[in-house]
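Student:
Protein chains: 2
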Amino acid sequence: MAQPSRSAQNRARRAAAEDTPRLRVLQGGAPALRLGPLGEALGFHLRLAQEASFAAFARRTGESGLKPGFFATLAVIHENPGLSQTALGNAVGRDKSTLTPRLAEMERAGLIRRGRSATDRRSYALTLTPAGEEALSILATHAAAHDAQLDALVGPEIRAAFLDALRRLNQGLEPEDDE
Amino acid sequence: MAQPSRSAQNRARRAAAEDTPRLRVLQGGAPALRLGPLGEALGFHLRLAQEASFAAFARRTGESGLKPGFFATLAVIHENPGLSQTALGNAVGRDKSTLTPRLAEMERAGLIRRGRSATDRRSYALTLTPAGEEALSILATHAAAHDAQLDALVGPEIRAAFLDALRRLNQGLEPEDDE
DNA sequence: AAAATATAGTTTGATCTCCTACGATCCCAA
DNA sequence: TTGGGATCGTAGGAGATCAAACTATATTTT
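Chain order of the listed sequences is A and B. Take 1 as the starting number for the first sequence in the working numbering and just add one per residue. Take 1001 as the starting number for the second sequence in the working numbering and just add one per residue.
(1) Helix, strand or coil: which one does DSSP assign to residue 34 of chain A?
(2) Using the C-alpha atoms, what's the distance from residue 118 of chain A back to residue 1172 of chain B?
(3) Anything in chain A within Cβ reach of residue 1125 of chain B, meaning under 8 Å, just list it in chain order.
(4) Taking C-alpha atoms, which residue in B:1168, B:1041, B:1138 and B:1084 lies nearest to residue 1061 of chain B?
(5) Should residue 1053 of chain B be labelled buried (16 or more other beta-carbon atoms within 10 Å of its own) or exposed?
(6) Any Cβ of chain A within less than 8 Å of the Cβ of residue 1168 of chain B?
(7) What are the partner residues of residue 995 of chain B, as DSSP defines its beta bridges?
(8) Going by the CB atoms, is the gap between residue 170 of chain A and residue 1150 of chain B shorter than 8 Å?
(9) Counting Cβ pairs, one atom from each stretch, are 3 or more of them under 8 Å apart for the stretch 100-115 of chain A and the stretch 154-163 of chain A?
(10) With respect to the alpha helix (DSSP H) encompassing residue 164 of chain A, which residues constitute its N-terminal and C-terminal limits?
(11) Could you compute how far the alpha carbon of residue 147 of chain A sits from the alpha carbon of residue 76 of chain A?
(12) Do the CB positions of residue 1040 of chain B and residue 93 of chain A come within less than 8 Å of each other?
(13) Just to confirm my understanding: we take residue 1145 of chain B, look at its own chain, exclude 5 residues before and 5 after, and list those with CB closer than 7 Å. What are they?
(14) Using a Cβ cut-off of 7 Å, pull out every chain B residue sitting near residue 45 of chain A, in sequence order please.
(15) CA-CA distance, residue 1012 of chain B and residue 1116 of chain B?
(16) Look at the alpha carbon of residue 164 of chain A and the alpha carbon of residue 87 of chain A, and state the distance between them as a whole number of angstroms.
(17) Alpha carbon to alpha carbon, how far is residue 96 of chain A from residue 1175 of chain B?
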C-alpha cells in the first residue's frame, strides 16, 4: 500500500548510490551527507519539521518570558473552563504526570486557578485568571504569527490537505490495544 | 487511496470558524474537549502527528530490542562510512553531545566501530560492523513497514507534496542568525 | 454496607535532549 | 614557529517527558 513514488525513490537512490550529496537536511554550512532511503522517509522528515517548528515557536515565546508549553495549556483551559488535569492532558497530548509541575508553576505564576471540584474531591477544576487570559492572548499572537509562517512554507494550496493528513496520522497511529 | 476529502476540510474549517467542538484530537474514549483556534494550528497537529509516528515506530522497533534512535544513526553511518560524530549529528538532527552516549552504547553493543581518523586525531571515523549492518537491515524493515503505514494514512495523491512541505518547513524555519 | 475496583493527582525514576564548559587537536596568520 | 581562534568529542547540568507506584477519593459489586 502507498508507494514512495518511483521518481523520488530513484532520485534518492541515485544520490545514495553515487556521490550526489544534494539532500541537505540540516543546513549550517555542513557538507550535507547522504541519507539513503532515510531521505525519503516520511517519519524522519516529520520529526525534523516538528522539531524545527517547535524551536521556531520557542524562539518567539521566549521573547515574552512565557514557555511554549503554556500556550496549548492555557488555550485548552480557556476553551474548557473547569476541566480536570487529566482531561487537559488528553487534549494537549501530555501525560497527567507531566502537567503536575507545569500547572503548579502556572498557578504560582498566577496564570491559572486550581479550584477543587464540588462533585469529585480528587480532581481540580482548572480556570484561567485574568493574568492567564492576558498571557494567553500574548501567546496566541505569537502562535498566530508562527502558524502564518508555517502556512507560508506549506503553501496555501495544500495547507488544508496537509493539516488533514496530520490529523489522519495522529488518529491512525493509535496504539491498537489488540494487535 | 485515502483522500484529503473536501468534506473533512470543510468540516474542519467550519469548526474553527465557529464554536463546533467536534475536533476530537486524542481518542481513547475521552470526552473530546474544545480546542478553539488550536484545533486549526499546523504546529499543534504537527507535534501530535510526529509524536504518534515516533511512538508507533518505537513500538515496532521495541520488538527487536533495538532502540528507535539507532535507525537513523545506523543508516547514515552506512551511507557515509568514516564520517565523524559531529557530521552524523548534523545529518540526523541531534546535537553531538547527544550522540556521545548513544554511540558509546552502540559501540559496546558491537554495532559500530569508532576508528580514529588518520587526518584528524580529534575525530572518530564511524563505520558499521557486520552486526551493525544486520541491525540496520532489521530496523530498515521496521522502518519500511512504518513508512508504509504513514504513506497509507497520508494518501498516495499527496504524499509527495506532503513530504516536500515537511522539507520546506525544516529548511525554512532555521534560526536566522540575524533578526 | 463492605469489599473490590477504578480514577485523580503526585512522586519518583528513567530516558532523551540541549546547552555550556572543557581539554585535545587542528588551522591560519603573524 | 608560535599564537589565537575554531573544531572534535566528552562531561555535567537543566528541562521535558513518560511510566509505574502511591495516596486519596469514587464507583461498582456483592
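The beta carbon of each residue, even a glycine, is placed where N, CA and C say it ideally should be.
Tutor: Quick look at the numbers:
(1) coil
(2) 49 Å
(3) Here the premise fails: no neighbours, minimum Cβ distance about 14 Å.
(4) B:1138
(5) Buried.
(6) yes
(7) What the structure shows of chain B is the stretch from 1001 to 1179, and residue 995 of chain B is not part of that stretch, so it cannot be assessed.
(8) no
(9) no
(10) Bounds of the alpha helix (DSSP H) holding residue 164 of chain A are 156-172.
(11) 17 Å
(12) no
(13) Cβ neighbours of residue 1145 of chain B beyond the five flanking positions: 1060.
(14) 1163, 1166, 1167 and 1170
(15) Legend: pLDDT at residue 1012 of chain B = 32, less than 50; position of this residue unreliable, value from coordinates given subsequently. Each residue's Cα considered, the two are about 55 Å apart.
(16) 24 Å
(17) Near 32 Å, if we compare the C-alpha coordinates of residue 1175 of chain B and residue 96 of chain A.
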